[in-house]
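**Student:** Numbering (my numbering), first residue to last: 1372 to 1999. From the three backbone atoms N, C-alpha and C, an ideal C-beta is built for every residue, glycine too.
1) Could you tell me which of 1750, 1616 and 1520 sits nearest to residue 1660, measuring between CA atoms?
2) Let me know the secondary structure DSSP gives residue 1940 once reduced to three states.
3) Let's test the definition: count the other Cβ atoms within 10 Å of the Cβ of residue 1581 and tell me whether it reaches 16, buried, or not, exposed.
4) Three-state secondary structure (DSSP) at residue 1646?
5) Where does residue 1842 land, buried or exposed, given buried means 16+ other C-beta within 10 angstroms?
6) Taking the alpha carbon of residue 1831 as the point to measure from, which residue in 1889, 1818 and 1876 has its own alpha carbon closest?
7) Between residue 1655 and residue 1555, what straight-line distance do the alpha-carbon atoms span, to the nearest angstrom?
8) Per the DSSP calculation, residue 1613 is bridged to which residue(s)?
9) Between the alpha carbons of residue 1456 and residue 1924, how many angstroms are there, rounded?
10) What alpha helix (DSSP H) runs, 4 residues minimum, are completely inside the stretch 1481 to 1556?
11) Residue 1490 and residue 1503: beta carbons closer than 8 Å?
12) Give me the residue from 1553, 1445, 1526 and 1450 with the minimum Cα distance to residue 2002.
13) Evaluate residue 1756 with the Cβ neighbour count: other Cβ atoms within 10 Å of its Cβ, from every protein chain shown; 16 or more gives buried, anything less gives exposed.
14) With the cut-off set at 8 Å, would you say residue 1773 and residue 1735 are in Cβ contact?
15) Quick check: the Cα distance between residue 1752 and residue 1866, rounded to an integer number of angstroms?
16) Is residue 1966 buried or exposed, if buried means 16 or more other CB atoms sit within 10 Å of its CB?
17) According to DSSP, which residues form a beta bridge with residue 1476?
18) Only counting the same chain, and skipping five residues up and downstream in sequence, which positions put a Cβ closer than 6 Å to that of residue 1558?
19) For residue 1461, count neighbouring C-beta atoms within 10 Å of its own C-beta (all shown protein chains included) and say buried if the count is 16 or more, exposed if not.
20) Taking only three categories from DSSP, how would you classify residue 1378?
21) Thinking C-beta only, is residue 1562 closer than 8 Å to residue 1414?
22) Could you say which of 1548, 1425 and 1511 lies nearest to residue 1500 if we only look at CA atoms?
23) When you compare only the Cα positions, how much space is there between residue 1667 and residue 1412?
24) Measure the CB-CB distance between residue 1602 and residue 1569 and report whether it falls below 8 Å.
25) Spatial neighbours of residue 1630 within its chain, please: C-beta separation below 6 Å, excluding the five flanking residues on both sides.
Printed below as a string of C-alpha cells:
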C-alpha cells in the first residue's frame, strides 16, 4: 500500500435464488481468491447472500434468519484474511426489513449500511419488502450491537486514504446520490452493491454515470453487479462490474462474464486532487460516524498500467480530436491578441525545427481566421554556426508554402563581432558561444517587429520551460507565446495533424521536419554537414521528462513515486538506472530554472499542466529542491 495504492476487487459470484448456503460458499471463494491476489477490499453484489430476485420470499422469516447465520459463518471463515469484504443481505430490525451492505473484516461485522433509495417503478418493486432509515443507529445482530446507518465511513487506522463508504444500486441513479455527502465527509472510495438488470443501452448509461460521478465527487468508485444465477423470470443480469478513479476507468468485466475484476486504486492521487480543487468542500456533518479497522501495510503488487505519454492520447481517434482542439485553442488565443492590439503583422523566427514550425502553422491559421493575408507574417530565418542545409531548406520551403514574407538574416558576422567585443574565443564552444546566438536572434526579431509595427511570436514549448532549456532573454522571450503549454511529446503530433490536411508540397516539408532530430543547432554540424548537437543527448529523452513533468505538476507526486511509476511505464525501453539518472536531472533543472519561468511573457494555456507564473504555477525562484 506504499504510495497510496490499494488493490480492490469487484466480484459477481454464481448465485442460486434463495440458496443462501450455496451463495455464501461462492462469496467466501471470491473473498479468498481476492485476498490471495493481494486485494485489500472486495465488493460483492446487492443482496448477494440470498440473491436479489427472491420476491415475496423476503417476507419469509426463515430466509432472513438464514442470511444472518450465513453472514456470521462468512465472517468466521474469512477472519484470518487481511481484506475488507462488503457483502449484501436483507437485515431485519424491529419489524422492518432493510437491504444492507455488510462490512466484514478480521472476523468482525464492522457495520451495516442500508439502501437509501428504494425503487418502486417499472420492473422494480422493492418498496413491497424494504424500508429506509435516516442517519445512524445500532441494532442487535448475531448476539452483539452492530452500527447500522446511512452515514458510516470505514477507515483504516494506519492509512487515511483507505476510507470507504457505501451506496446501493438505485442510490447512484438519483439526482443527489448519498456518495456526494460521503465524499464531502471524508470517504475516498465509494462502493456500490448492485443488481442492475440488463436492457438495451443500459451498460453504456451505467458506465457514463460512474465515470462522471467519480470525477465530480473526486473519488474511486467500485461497482459490483449481480450476474449469473439471479432469476430470469422477467430480467437478465450481466455482472457488469466496474472500477473507476477520478473519471478514468481502471477495470470492467465483460457483460455476462461473472468474473472478479481487480484494480490498483491510487488513494494518494484522489486526496491530492481534492486538495488542488478548492471548490471541493469538506463536510462537517456531525451525523457521520467513522468506524476504524486494522490492515497490514504491505506493498501493493501493481498491475495497473501508466501511460508513457500522458499528454498524448493512445487512441488514434481521440488523438486527432485532441490535436484539433488544441490547435483551435492556440490560434484563437493568438487571434484575440492580434485583434485586441489592432496589428496586421507579426514577426516569427523559423529554424526548421518542430517548435517554430508549429508556431508558424498556428500563426498562419490565426491570420486566416482574421481575414488577413499571410504576407503579414514576417518569417525570419537566421543561419549561424550550427545551421544545416536540411533545416534551412525546410524553413524556407515552409515559409514559401504558407505565403509568409521571407526574411533571411545571416547572424554569423554579428555574433562573431559580439564574441570578439566581450573577449570570448570563437573556437571555445561553451555556453557563451551558444547563448550569444540565441540572444542575437531574439534581438533581430524584436527590432524587426518594432520596424514593421508587429509583435514577436514565441515558439518555446512547455518541456523546455520545465527544464530551463532556453536562453534567458533569448529564445525564452517574446511578446506572445503560442507553444508555452505544449509539451515536446505533443508538439510532434500537432505538426503531423496539420501536415495530414495540407497540400502535397507543405506536407512533404512538414514530414521532413518531423523526421529531423531535435536540436537548437548552436554548435557546428559534423563533417558530413549533419546536425551534431542533439537536445535529448544533453537533457535526456523528452518522453521521460514529460512523464516526470505531468505526474509532478498535475498530481503532486513525490520523486520516489514518479520513479516507481516510470520504471513500470518504460520497463521495456529504459533500465531503472537510466530512469533515475534523468529523473535526478529533471528535478535539479526544474528547481534551478524557476527564475526563467517567473518572467515569461503572456501565452496560451491549453491543458491542465502549465507553468505560467500568472496562473497555474506560482513558485519562488529560490525554493530548495527537496526531491534530491
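**Tutor:** Judging by the given coordinates:
1) 1520
2) helix
3) buried
4) helix
5) buried
6) 1889
7) Going by the C-alpha atoms only, they are around 8 Å apart.
8) 1594 and 1623
9) 35 Å
10) 1549 to 1555
11) no
12) Residue 2002 lies beyond the stretch modelled for the chain, which goes from 1372 to 1999, so this question has no answer here.
13) With 16 or more other CB atoms across the displayed protein chains lying within 10 angstroms of its CB, residue 1756 is buried.
14) yes
15) Their backbone Cα atoms lie some 19 Å apart in a straight line.
16) exposed
17) 1479
18) 1524, 1534 and 1536
19) buried
20) strand
21) yes
22) 1425
23) 12 Å
24) no
25) 1624
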